[in-house]
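A.B. asks: Using this note's numbering, the letters of the sequence shown correspond one by one to residues 25 to 495. Even glycine gets a Cβ: it sits at the ideal position worked out from N, Cα and C. Below: one structure in structure tokens.
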Amino acid sequence: MRSDSSYDLLVIGGGSAGTTAAMTAADLGKKVIVVEKDKLGGTCTNVGCVPTKVLLHGADLIRAAMKAEAYGVNTERKDGFDLIKEHKNNMTKEMRDTGVAALERAGIELLSATARFNGHRAVLADGDLIESENVLIAAGATPLLPPIEGLDSVDFLNSTTALELDVLPKSIAIIGGAYIGLEFATFFNTLGVETTVIEAFDRLAPNEDDEISALLTKALKKQGMNIFINTLVKKVEATGGGVRINASSKGDALQIDAETILIATGRGADLSSLDLESSSVKYGHKGIEVDDHLQTSGAGIYAAGDVIASLQLEHVAVYEGWLAANNMFSTVKTDRDYRVIPRIMFSHPEVASVGMTEDEASAENSIEVLNQPYSAIPMAKINEDTTGLIKLIADRPSKKLLGAHIVGTDAGNLIHLAALAMNAGIPVDKIGATVAAYPSLSQGFFFACEDLGAKIGSRGKGRSQASGVRE
Ligand SMILES: Cc1cc2nc3c(=O)[nH]c(=O)nc-3n(C[C@H](O)[C@H](O)[C@H](O)COP(=O)(O)OP(=O)(O)OC[C@H]3O[C@@H](n4cnc5c(N)ncnc54)[C@H](O)[C@@H]3O)c2cc1C
25 MRSDSSYDLL
35 VIGGGSAGTT
45 AAMTAADLGK
55 KVIVVEKDKL
65 GGTCTNVGCV
75 PTKVLLHGAD
85 LIRAAMKAEA
95 YGVNTERKDG
105 FDLIKEHKNN
115 MTKEMRDTGV
125 AALERAGIEL
135 LSATARFNGH
145 RAVLADGDLI
155 ESENVLIAAG
165 ATPLLPPIEG
175 LDSVDFLNST
185 TALELDVLPK
195 SIAIIGGAYI
205 GLEFATFFNT
215 LGVETTVIEA
225 FDRLAPNEDD
235 EISALLTKAL
245 KKQGMNIFIN
255 TLVKKVEATG
265 GGVRINASSK
275 GDALQIDAET
285 ILIATGRGAD
295 LSSLDLESSS
305 VKYGHKGIEV
315 DDHLQTSGAG
325 IYAAGDVIAS
335 LQLEHVAVYE
345 GWLAANNMFS
355 TVKTDRDYRV
365 IPRIMFSHPE
375 VASVGMTEDE
385 ASAENSIEVL
395 NQPYSAIPMA
405 KINEDTTGLI
415 KLIADRPSKK
425 LLGAHIVGTD
435 AGNLIHLAAL
445 AMNAGIPVDK
455 IGATVAAYPS
465 LSQGFFFACE
475 DLGAKIGSRG
485 KGRSQASGVR
495 E
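Right, here's the structure in full:
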């Protein structure tokens, strides 16, 4: 058994939060070891962002090819599922290899083992006893199972096993209509699988602004998805050809049959392997508890990423890993700050948002709201892609954006215009004064800011309306 106490930082978990913290500490000249029980790169690289976005890229290409028929391109649809999966596997490997190479170049020691606490800042990693000045817990989260009767008696998929399907099912029922469920729904539906989404809340994408969610739902239904909202799944049972879902919707009983089901009802920290009882780290049902500097109740022990109760996003895990490493090696500590965190749902149409929803903003502020439909953006018309909405919410006194919500093509790129403006504190009339190039989808954002500034300032028509480039 090896016993080593020479480390400045021991990282548990080689995902986005852990590897970022390790690289940050190595950059500060610290001696770092990362213990990872599975594949380096964690959820995002291996079973999250990267593989799902490759699948969705495949779906995008199929949609574009079908649309191209109207422009004289002949398309013949083949079963390309195996090819898409090959792309997914290659990209996942490439991203993982790039990450491992970067850690090795930085001189970080990598240990393939399961780490569990063995006292304060001491960890047993498959037989090795490692003690360190600082520990970062970055153990991530795993899919949660809802309390549904009969789940143990049927075959079901989760976001990880759905990536390993050998053959596409004829039909799929996805339980959970938030971003993971809707991204998979978009993929399966585009590939011709009869797709049903069941959501317990009164709308899809319940964390998004309600107007955005309404437009998204309408678009998904138009694409042929079966959508059930306000619907609680009570029981599942095997049938000859698949699974029968017994649900209730506003008091009515409902049965939905599908060849397979996918559970996408959220992810939670899995702390079982860490043996936290032998450390001084406090945790609750949402994950490990941390203060504003990301330090746990144990001195010198920090936590970051999905393992703490914040936003479960890759860029948040990276931000927290970076912040935790800087805080542990600095006398000046910085508070975590989540005010401007953009998020994207890669459904079709795409949804992206940053800051507060209208309901959240109006609870505390005097606000002005502006809705800019894609149908009034020249580039969207040219692309024959007018299903979309840019919704901006500004604080009346300061004219600064409090939130931005976009549904439509390229929402995930456009949202960064709003994130930048919010981060820099630029008032909407100043943003609207920017001359935006014609034709571009970005113009829609600047139109919206121009109009919002005019609305707050009670001015007349903005420049873009006066020019007649839009209605
Ligand atoms: C299907 C899906 C799609 C997603 N798409 C996006 C997206 O498009 N954009 C986005 O921003 N986010 C996305 N996410 C979320 C994103 O992947 C996570 O928020 C992010 O990966 C969290 O990083 P992390 O470092 O906290 O945890 P992880 O990446 O999960 O890393 C934790 C690591 O710790 C290891 N570990 C756990 N316990 C131990 C132990 N005891 N000893 C050693 N190792 C241990 C695990 O094996 C794991 O590798 C997606 C997630 C899923 C599931």
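Should the segment 226–246 be regarded as contacting the segment 89–103, the criterion being three or more beta carbon pairs within less than 8 Å?
C.D. replies: no
A.B. asks: What residue does the alpha helix (DSSP H) around A428 start on, and which one ends it?
C.D. replies: Start at 1 with the first residue of the sequence shown, and residue 428 comes out as number 404. Premise fails: A428 lies in the beta strand (DSSP E), L425 to V431, not in any alpha helix (DSSP H).
A.B. asks: Opposite V147 in the DSSP bridges: which residues?
C.D. replies: Position 123 of the sequence shown, counted from the start, is the residue given in the question as residue 147. BP columns for V147 point to F141 and I154.
A.B. asks: I'd like the list of long-range same chain contacts for G10, defined as Cβ closer than 6 Å, with 5 residues on each side in sequence excluded.
C.D. replies: The structure shown does not extend to residue 10, since the chain is modelled only from 25 through 495, so no value can be given for it.
A.B. asks: Ignore the nearest five residues each way along the sequence and tell me which others in S302's own chain have a CB closer than 7 Å to its CB.
C.D. replies: Within the sequence shown, residue 302 is the residue found at index 278, counting from 1. Excluding residues within five positions, the ones whose Cβ falls inside 7 Å are F141, N142 and G143.
A.B. asks: Along the beta strand (DSSP E) that carries Y326, what are the first and last residues, could you check?
C.D. replies: Taking the sequence shown and counting its residues from 1, one reaches residue 326 at position 302. Run containing Y326: I325 to A327, per the beta strand (DSSP E) assignment.
A.B. asks: List the whole-angstrom C-beta distance separating G311 from A162, where the pair is believed to meet the contact cut-off of C-beta under 8 Å.
C.D. replies: Within the sequence shown, residue 311 is the residue found at index 287, counting from 1. Within the sequence shown, residue 162 is the residue found at index 138, counting from 1. Taking C-beta atoms under 8 Å as the contact rule, G311 and A162 fail to qualify, at a distance of about 11 Å.
A.B. asks: Out of A443, P402, V452 and L444, which has the shortest C-alpha to C-alpha gap to P421?
C.D. replies: Stepping through the sequence shown from its first residue, residue 421 is reached at position 397. Minimum Cα distance to P421 is reached at V452.
A.B. asks: Please work out which residues of its chain come closer than 6 Å, Cβ to Cβ, to C473, disregarding the five sequence neighbours upstream and downstream, and give them in chain order.
C.D. replies: To locate residue 473, count along the sequence shown from 1; it is residue 449. The residues are V452, I455 and G456.
A.B. asks: Would a C-beta distance cut-off of 9 Å place L34 and V159 closer than the cut-off?
C.D. replies: Counted from its first residue, the sequence shown places residue 34 at position 10. Counted from its first residue, the sequence shown places residue 159 at position 135. Cβ atoms of L34 and V159: closer than 9 Å.
A.B. asks: Just to confirm, does P167 get its C-beta within under 8 Å of one of the non-hydrogen atoms of ligand 1?
C.D. replies: Taking the first residue of the sequence shown as position 1, residue 167 is located at position 143. Under cutoff, so the answer is yes.
A.B. asks: Please confirm whether T355 has its beta-carbon closer than 9 Å to some beta-carbon of chain B.
C.D. replies: Looking at the structure shown, chain B is missing, and only one protein chain is on hand.
A.B. asks: Measure how close the beta-carbons of K55 and D84 come, nearest whole angstrom, since I'm counting them as under 8 Å.
C.D. replies: Residue 55 sits at position 31 when you count from the first residue of the sequence shown. Residue 84 sits at position 60 when you count from the first residue of the sequence shown. No, K55 and D84 are not in contact; Cβ-Cβ is about 44 Å, not under 8 Å.
A.B. asks: Return yes when at least one heavy atom of ligand 3 lies under 8 Å from the C-beta of F212, else no.
C.D. replies: With respect to ligand 3, the structure shown offers nothing to examine, as its ligands consist of ligand 1.
A.B. asks: Is it true that the CB of R26 sits closer than 9 Å to the CB of D152?
C.D. replies: Along the sequence shown, read from residue 1 onward, the residue named residue 152 stands at position 128. Along the sequence shown, read from residue 1 onward, the residue named residue 26 stands at position 2. Here D152 is near R26, since their CB atoms are less than 9 Å apart.
A.B. asks: Would the C-beta of S156 count as close to ligand 1, meaning under 8 Å from any of its heavy atoms?
C.D. replies: Taking the first residue of the sequence shown as position 1, residue 156 is located at position 132. Outside the cutoff, so no.
A.B. asks: Tell me whether V56 counts as near ligand 1, meaning its Cβ is closer than 8 Å to at least one heavy atom of that ligand.
C.D. replies: Taking the sequence shown and counting its residues from 1, one reaches residue 56 at position 32. Answer for V56: no, Cβ out of range of ligand 1.
A.B. asks: Tell me whether A271 is buried or exposed, calling it buried when 16 or more other Cβ atoms sit within 10 Å of its Cβ.
C.D. replies: Here residue 271 is taken as the residue at index 247 of the sequence shown, counted from 1. Looking at its Cβ environment, which holds 16 or more other Cβ atoms inside 10 Å, A271 is buried.
A.B. asks: Residue range of the beta strand (DSSP E) that F252 falls in?
C.D. replies: Position 228 of the sequence shown holds residue 252. F252 -> beta strand (DSSP E) spans N250 to F252.
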